[in-house]
Structure formats: structure tokens, C-alpha cells
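**Student:** Going by our numbering, the first residue of the sequence shown is number 1192, and it counts up by one from there.
Just passing along the structure, written as C-alpha cells.
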Amino acid sequence: MRMSKLFVQTLREFPSDAEVISHKLLVRAGYIRKLANGIYNYLPLMWRVLKKVENIVREEMDAAGAQELLMPFVQPAELWQESGRWDVYGKELMRLKDRHTREMCLGPTHEEVITSIGREGIHSYKQLPVNLYQIQSKFRDEIRPRFGLLRGREFIMKDAYSFDADEAGLDKSYEIMAEAYRKIFERCGLETKMVQSDSGAIGGSVSHEFMVLVNEDAESNAGENDVFYCPECGYSANSNHAVSVLKEVQTDGKFEKAQIIDTPNTKTIEELAKFLNINASVICKTLIYVVDGKYVAAMIRGDRTIEETKLMNVFAGNDIRIARNDEIEEIMKDSGLNAIAGFIGPKGLKNIQIVADETVKSLKNFVIGCNQTDKHLVGANWGVDVELPQTIKDICLVEKDDKCIHCGANLKVTKGIEVGNIFKLGTKYSKAMNATFTDKDGQEKPFIMGCYGIGISRTAAAAVERHHDEHGIKWPLAIAPYTVIVVPVSDRDEVQMKMAEDIYKKLCDNKVEALIDDRAERAGVKLKDADLIGIPYRITIGKDIKDNLVEFKTRADDVTELITPDEAVKRILAL
Ligand code: ATP
Ligand code: MG
């Protein structure tokens, strides 16, 4: 392709609305343009990258025995009503009505559709296992679309779904997908970590995420997930699922007599600990949440933080948020109490479910809210002054330097971008939608299913997060839009131009994806653009051509060498 013809407009400046480097660079280098919030045009360079990622995914999925199909983007509400998700999916699901006022939605994922396909097409255990996948645009009306392609509203996903006759079959399908994913991301030039992750409230289910780790202190703050991992034994998990042996702290407080005392203006744990001159770890804190519209009180030791996904799962919820002050007021009124946030305790709360984290159990002579503003109960003990809640669960967020539950080493934490996940669904959808097959023994059984997603567009953006410098993108070769760019320094120098054209022709004749920068631009502009766009190799033809030498640059490490044109072509052909 000739740069003079290529549809690309590079910009001098980063876009003002971009927060992360992949978003900044993809816009500035002319790969994407925003159409609406979270909705992007993939311009020709981007589309080439996406097709490369897609093809790697396709090749590995096919090699793993999965079959590609394409399901409709628009789906009827009936299927979602059958699975029960129409009411619980929330606002991320873009709902619409057709001209007959039938309710439809834009596909955010396709469990319902694939389950209906399995239901109609698979009747006998003899047809199993089956793994079907598609590569398609998805739409999710994300609450916070941001970071360009990393979290869009419309994005491209590969989604695969496996059907098996039993758990052992699912285990196998799952392992095959895990292996395919490892190969896919490696081929894309991305190092990933497979981490345990939350799988919602479906009992006994298992899921893993593939994370591209991004350094917290780097300019990139694109990693939306905290990943805890053990440097010794390899345990790793998303913070929403991670468990640990907690650091030892003081749990026996200094107040020996239970009494309510004044603690003015101590709305936060820090203020309270400071006022009483005690450690936060001898305070029991109570927070009010709203899970699927219902109030919930959650208790945890004062030095620790509640993990909201864990808490939500206790109630099999889909949505969680901390209660607003006016809601707390309402709860207090209902219970005949009167306290503001910061002074809440479990005693006397009515019509509200209470769950306590494991950490509160061992507290003695502790401090706790007593539902009176500016007061706390000190020297409290379970069973004597306050009842220990009946529901005790792990709802605690792991912290760095907690100990690994497997080997006792100190856990570390890092930020990660989730580029893919694999999920054992079990019979969640097959049971709800009555999708069954006849097993060996003649019995009708629901399919045991798994689902497996990869964000195609997110993977491309994650590659930019990992591979760039201050001058631009450094695409991994396998997903670069072009392999090499041939740059004559002066378009008015006939010798240079002829050599550039010769090299370009040789490359094209050998089916190399090559660019030639034949634009009437200054050398500086051309070289800058080549770096910005991030083509892995550059062959620059300048004044050294009189000695039959060209500059060969590898963008990954920015190493340049002077070699003959023949050698340059040979090196590219050898890739
Ligand atoms: P997240 O936790 O990041 O919202 P998810 O758990 O909702 O992801 P899935 O529903 O499992 O994601 O989708 C499969 C894959 O699709 C994800 O691993 C991710 O790579 C990609 N993906 C999900 N949401 C988006 C989005 N808004 N923009 C781009 N890619 C996305
Ligand atoms: Mg999501």
C-alpha cells in the first residue's frame, strides 16, 4: 500500500478526552475515530489489526475443535425471559421495540441464543461434545464507557459455548479452551496470566480470566482489575474472588467494661480510631448496601475493606451499591432509631439482612456503632453486648502482604486488563430454557455448558498498552497492520525513489504486507509517522544508498543498522 493512498490521518496532538495510552495512540495514529460515546469507527489500519487478531483466534479455535457460526445481533426478548435474564440484566442491555412493538435487545452476549440452538439441534449424547463460536460486534450500554477500545459500548468479541453430557466432559472442554487461549494470546504477542475469578452466585461454578498485567506505576492506568498473586506457588486471582490468610493484628481491645461513650465527629474509622487512641482492628464497622434494590447491613473488622462482589454473591445479587444518606435515614426511621452513617451498628436494625465477615468473629472488647449519632459502644463482646450475626461469610478484600492460603508466602498485587475469560456455566441456561438431550441411559438431561469470551478489540488495545513508547505504537509482528514500511528520505531524489520502489516491489511480489511512504513530505514527518503508526520494520533509503546501504530499523527495540537493500529484503522475507 502506498502511504499517498492509504486512508489515514495522523494527528499532532493526543485527543483531549483520552485517559489511557492505547486510546491516545490509536486516535492520534489514525486507527480509530469516535462516533459516539463508547462507539468507534475502525479505520483501515485498525481493521487490519482486528482482522489479524480475529484470524489468530479463529485458527486456534478451529484447531481446538470448535466450529464457527454467526448468530443474530438483534435478539427477541422472549429468549431472555425464558432464561430469566430479561429482568435482571439491567441497563447494560440495550432494549428496543420493533414496528410491531415486540421487545428486542442488542446482543451483549449470546447464552440464550446458543442454548436455543443446542435445544433444537442436539438430541443425543452421541452428538456431544459440541463447541460453537462466533466473532461479532456486541453492544453493552456500559455505565462508564472509557479508555477507548478497552471499554466501549460497541466492541468486537469472540464468544464460544460448549455443550457436554456431563461434568467430566465440561472439565475437558474447559481445559481445551484454556489451552487455546494461552496459544492465542501468546501468538498476539501478549503475556497473560490466567487468574481465578468471580463467577457470580451460580453454585459451584468455576471461571478464570486471562489478564494482561499492566504496571501500576507506569503511565498506564488502564488495568481495571486488581490481580493478587503468589510469587511462590503461582496462586492468582482477581480481587473479586481472591482469598488469603490475613495479617495478624490486635483483636482484643483496651476497653474492659461495655459502655456507650461520646465519640463526636467520628464518622470514619480513622477518626474514631484516632479519637479513642486505638487500632482500627479492634473496631467492628457496619456499612449499609443496596443489593438488587434491597437493604443489606455488612459488618467487617475496622482495618479491612468489604469486597462488594463477594458481598453481592451472598445474596445472589446482580447489582450492588453503598446506600445513600437518605436511604440510611429511611432504615433508621423504620427501625425506630436515629443515627447517621458512621454510627450504625447491628443492634435494633429491622427489616434488613445482616451479614458479617469472618474477621469480626474473633473480636473481643471491641468498639461498635450503637445507632446513636456521635456515640459508640466500647468494650463490647459477642453474645453479651451484641449478637453475632447468623450469616458469617468471607466478604473481605484481600490486601497486599496477606499470606497465600496455599503456601503462606506474601501475596502481591498488580493491575490487569481482562482480555478473555472462560466460564463453567453448568446447567444454568439449559435448565432454565429446558434444553435437554437423551443420555446413554435413555434419560433426558440438561446440557452441561461452558462459555468462553475474548475481547477482540480490547485485546488489540491491550497490545498497545503493553507495546509502545513516547513516539508511538510498537505492534507485535503477528497483529501489526503491515510488516514493513519503506521510506525514501527524499521523494525528489530519483536514485532513492527508484531503490525504494524496487524494494517495495520485491516485498509485494513475495506477498509481504508492505507500505511505501511515497508522500511528498519532509523526512522528519515520514519517520515520525512510521514510529507513531508502529510498523514493526522500517527500511529507510537515504544518502547512504550511494554506498548501496539502507537503514534497517526494528521498531520493537528501536535498533537501526546499515545493510544492503538485498539483505534488508532477505531479512523481511525470512520472518
Ligand atoms: P468486564 O469485567 O471487563 O466488564 P465482562 O466480565 O463483562 O468484562 P464478558 O462478558 O465475559 O466480560 O466478555 C468477554 C470479553 O469481552 C471480556 O473478557 C473482554 O475482553 C471483552 N469485553 C467485555 N466488555 C467489554 C467492553 N465494554 N469493551 C470491550 N471489550 C469488552
Ligand atoms: Mg462487563
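The C-beta atom is built at its ideal place from N, Cα and C for all residues, glycine as well.
Pull up the CB-CB distance for residue 1442 and residue 1537, whole angstroms please, since I reckon it's below 8 Å.
**Tutor:** About 18 Å; that fails the 8 Å criterion.
**Student:** Got a sec? Which residues, its chain only, sit under 6 Å from residue 1258 by beta carbon, not counting five neighbours each side?
**Tutor:** These residues qualify, in order along the chain: 1323.
**Student:** So who's on the other strand from residue 1412, going by DSSP bridges?
**Tutor:** DSSP, once it has assigned bridges, lists no residue as partnering residue 1412.
**Student:** Distance check for residue 1720 and residue 1418, CA to CA, integer angstroms please.
**Tutor:** Approximately 36 Å between the Cα atoms of the pair.
**Student:** Label residue 1689 either buried or exposed according to how many other C-beta atoms from any shown protein chain fall within 10 Å of its C-beta, with 16 as the threshold for buried.
**Tutor:** Answer is exposed; the Cβ neighbour count stays below 16.
**Student:** To which residues does DSSP link residue 1388 through a beta bridge?
**Tutor:** None, per the DSSP bridge assignment.
**Student:** So what's residue 1262 in DSSP terms, helix, strand or just coil?
**Tutor:** Looking at residue 1262 - three-state DSSP - the assignment turns out to be coil, as it is neither helix nor strand.
**Student:** Take residue 1539 and list the residues in its own chain whose beta-carbon comes closer than 8 Å to its own, dropping the five residues that flank it on each side.
**Tutor:** 1526, 1527, 1528, 1562, listed in sequence order.
**Student:** Pull up the distance between the alpha-carbon of residue 1534 and that of residue 1468, whole angstroms please.
**Tutor:** Going from the Cα of residue 1534 to the Cα of residue 1468 covers about 17 Å.
**Student:** Taking the beta strand (DSSP E) that residue 1399 belongs to, which residues open and close that run?
**Tutor:** Looking at the DSSP string, the run of the beta strand (DSSP E) that includes residue 1399 is 1398-1405.
**Student:** Assuming residue 1304 and residue 1272 make a contact with CB atoms under 8 Å, what is their CB distance in whole Å?
**Tutor:** That pair is no contact at about 13 Å.
**Student:** If you follow the beta strand (DSSP E) that residue 1475 is in, where does it begin and where does it stop?
**Tutor:** Note, residue 1475: beta strand (DSSP E), 1474-1482.
**Student:** Going by Cα to Cα distance, which pick from 1758, 1396, 1421 is closest to residue 1436?
**Tutor:** Comparing Cα-Cα distances from residue 1436 to each of 1758, 1396, 1421, the minimum goes to 1421.
**Student:** Output the boundary residues of the alpha helix (DSSP H) element that contains residue 1526.
**Tutor:** First-last for residue 1526: undefined, no H or E at that position.
**Student:** The beta strand (DSSP E) with residue 1665 in it runs from where to where?
**Tutor:** Unbroken run through residue 1665: none, as it is neither H nor E.
**Student:** Just confirm the distance between the C-beta atoms of residue 1235 and residue 1287, as a whole number of angstroms; I'd bet it's less than 8 Å.
**Tutor:** Not a contact, Cβ separation roughly 31 Å.
**Student:** Mapping the DSSP letters down to three states, classify residue 1620 as helix, strand or coil.
**Tutor:** It is helical.
**Student:** According to the neighbour-count rule (16 or more other Cβ atoms, all chains shown, within 10 Å of its Cβ), is residue 1686 buried or exposed?
**Tutor:** Classification of residue 1686: exposed, given that the 10 Å Cβ count is below 16.
**Student:** Can we count residue 1313 as close to ligand 3, meaning its CB is less than 7 Å from some heavy atom?
**Tutor:** Ligands in the displayed structure: ligand 1 and ligand 2; ligand 3 is not one of them.
**Student:** What is the residue span of the alpha helix (DSSP H) that residue 1699 lies within?
**Tutor:** 1685-1700 is the span of the alpha helix (DSSP H), which, as asked, contains residue 1699.
**Student:** Based on Cα-Cα distance, which residue from 1610, 1354, 1253 lies nearest to residue 1636?
**Tutor:** Answer by Cα proximity: 1354.
**Student:** In whole angstroms, what separates the C-alpha of residue 1237 from that of residue 1222?
**Tutor:** In a straight line, the C-alpha of residue 1237 is about 5 Å away from that of residue 1222.
**Student:** So, using beta-carbon positions, are residue 1671 and residue 1726 closer together than 8 Å?
**Tutor:** Yes.
**Student:** Could you check what DSSP says for residue 1234 in three-state terms: helix, strand or coil?
**Tutor:** DSSP places residue 1234 in coil when its eight states are reduced to three.
**Student:** Can you tell me where the beta strand (DSSP E) with residue 1368 in it begins and where it stops?
**Tutor:** Element bounds for residue 1368: not the beta strand (DSSP E) but the alpha helix (DSSP H), 1358-1378.
**Student:** Hey, quick one: how far does the beta strand (DSSP E) through residue 1513 stretch, first residue to last?
**Tutor:** Taken as a continuous stretch (DSSP letters only), the beta strand (DSSP E) holding residue 1513 covers 1511-1513.
**Student:** With a Cβ-Cβ cutoff of 8 Å, do residue 1588 and residue 1496 count as a contact?
**Tutor:** Yes, the Cβ-Cβ distance between residue 1588 and residue 1496 is below 8 Å.
**Student:** Less than 8 Å between the beta carbons of residue 1136 and residue 1481, yes or no?
**Tutor:** A query on residue 1136 cannot be resolved here, the shown segment of the chain reaching from 1192 to 1766 and no further.
**Student:** Does the stretch 1636-1654 come within contact of the stretch 1269-1284, defined as at least 3 CB pairs closer than 8 Å?
**Tutor:** Counting Cβ pairs under 8 Å, fewer than three are found: no touch.
**Student:** Near residue 1665, what residues of its chain come up, given a Cβ to Cβ distance below 7 Å and the 5 sequence neighbours on each side ignored?
**Tutor:** Hits under 7 Å: 1658, 1659, 1725, 1746, 1747.
**Student:** Starting from residue 1759, follow the alpha helix (DSSP H) in both directions and report where the run begins and ends.
**Tutor:** Start and end: 1756-1764.
**Student:** Keeping to the same chain, check which residues put their C-beta closer than 7 Å to that of residue 1532; ignore five residues upstream and five downstream.
**Tutor:** If we look at residue 1532 and ignore the five residues flanking it on each side, its Cβ neighbours are 1458, 1516, 1519.
**Student:** Flag this pair as touching only if the stretch 1315-1332 and the stretch 1606-1614 have three or more C-beta atom pairs under 8 Å; answer yes or no.
**Tutor:** No, the stretch 1315-1332 is not in contact with the stretch 1606-1614.
**Student:** Anyone know if the C-beta pair for residue 1736 and residue 1675 falls short of 8 Å?
**Tutor:** Against a cut-off of 8 Å, the Cβ pair of residue 1675 and residue 1736 comes out as no contact.
**Student:** Using beta-carbon positions only, say whether residue 1391 and residue 1607 come within less than 8 Å of one another.
**Tutor:** Going by C-beta atoms, residue 1391 is not nearer than 8 Å to residue 1607.
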